[in-house]
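Here is the structure we will look at.
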Amino acid sequence: MLTNKPEHLIQIHSLMKQIILIVTCLLMTHVATAQQKSQIYAIKSGHVEYQLSGNTTGTKSVWWDNYGNSSFTETKSVSVTKMFGIKSETKTHDISIIKGGQFWSANLIENKGQKGTVPFQNITDNMTDAEKKKMGKDLLEAFGGEIVGKEKVLGNECEVVKLMGAKCWIYEGVTLKSEAKILGIEAIETATRFDKNSSVSASKFTPPTNIKYEDQDQYQQEIFGGMSEGFSDDSDGDEAIDLVPVKYPYEKFQKIANGFSFNNYHKMMVMNMEGTYSAMFMKGMNGSLGVAATSRKNGNPGQEGNLDVFTHSGKKCMYGKMEGDEGISLIIEIPDYDTYIILVSSSVQTKSEMLQLMDAFNF
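Everything in the sequence shown is counted per full-length UniProt numbering, starting at 1 for the first residue and increasing by one.
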């Protein structure tokens, strides 16, 4: 039985930010392989050589075994950028290793690196292949991506995926070509050699010992800590989030989010996760706007006493900074659906600016 504690709304804010982090990670690690089996790659072992071009030139080599659960990547490159008339050149020689759920990354020029536990590695453990495939499809669509066709790379028929300004050619979970251009910086990776099911020595996945590694587990815990517990079904845990599903129609929320156009914000994703809806928008590299819909039964933020409560366009609103949030929030009450719509912005600060966003959405 839920009580109207403001902590539940704080949890919802945390949940929305967790969703964004999870979606970003899942998109990076699962969309490309969602139509394959449960492994990272559908090929047990292999080796790919890439030629790098664009602003970064050089080579990249990847070896893997156990369907990608063990991998070694080495990159040798030179990156050239020009900003404000100043040209800079950066040389890199990096490696990254994944084995047994752990990772090591190292800069071989400076002999420095990081190590830690691979985040989110168990998030799909209890999903069937069909559920993983659906998740990948949903995530791809949520971020505005699409599968645009099939093309061959090195004689292998790849699915061509377009997403957020990038284009990837994927064969059995292995990316054989990618093209991206962001803020005028172009990055292209093209496979020049692809060995399938080749023998890879176990020693390939042993991290070098002459590197000064910084342990990232504590840092990751600060960022992702409690995330898996937050989605736990264990009702005995004090920290478990047990939210009442929102009554606001998801199709309506989705339509409003997809139709939002204001002040150069660009939609990144729209999602329905366990009855709580969320959408994410970006303006430039630093301006973010999160939107969530949740049941009023999950808490009353007005009980905190530090939010400005008022009426706008006939709707009860609350404006201010929620506990534990870095951004400014505007909470809109929708009594007909027993719902709160929550806007959280990292860049917009004033009440009038937040109300402009509310009017642009028109929930």
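By construction, the Cβ of each residue, glycine as well, lies at the ideal position given by its N, Cα and C atoms.
Based on Cα-Cα distance, which residue from LYS297, TRP169, LYS134 lies nearest to ALA151?
Residue identity differs from the one stated: residue 151 is Glu in this sequence, not Ala. When each option's Cα is compared against that of GLU151, the closest is TRP169.
Three-state secondary structure (DSSP) at LYS204?
helix
Mapping DSSP to helix, strand and coil, what is ILE256?
helix
Three-way DSSP call (helix, strand, coil) for MET322 in this model:
coil
In angstroms with no decimal places, state the Cα-to-Cα distance between ILE98 and GLY290.
33 Å
Chain-order list of residues whose beta-carbon lies under 8 Å from that of TYR50 (same chain, five-residue window excluded)
THR59, LYS60, SER61, VAL62, GLU189, THR190, ALA191, THR192
Thinking just about the alpha-carbon of each residue, which of ARG296, THR209, ASP65 is nearest to the one in ALA106?
THR209
Terminal residues of the alpha helix (DSSP H) in which ASP359 lies
351-361
With a threshold of 16 other CB atoms inside 10 Å of the CB of GLU172, please say whether the residue is buried or exposed.
buried
Looking only at its chain, what residues have a beta carbon closer than 6 Å to the beta carbon of LEU108, apart from the 5 residues adjacent to it on each side?
HIS93
Own chain residues within Cβ distance below 7 Å of ASP215, not counting five before or after:
LYS115, GLY116
I think LYS204 touches PHE72, with their Cβ atoms under 8 Å apart; what is that distance to the nearest whole Å?
5 Å
Residues in its own chain within less than 6 Å of ILE331 by CB, not counting five upstream and five downstream?
PRO301, MET318, TYR340, ILE342
Can you tell me which of the three DSSP states LEU140 falls into?
helix
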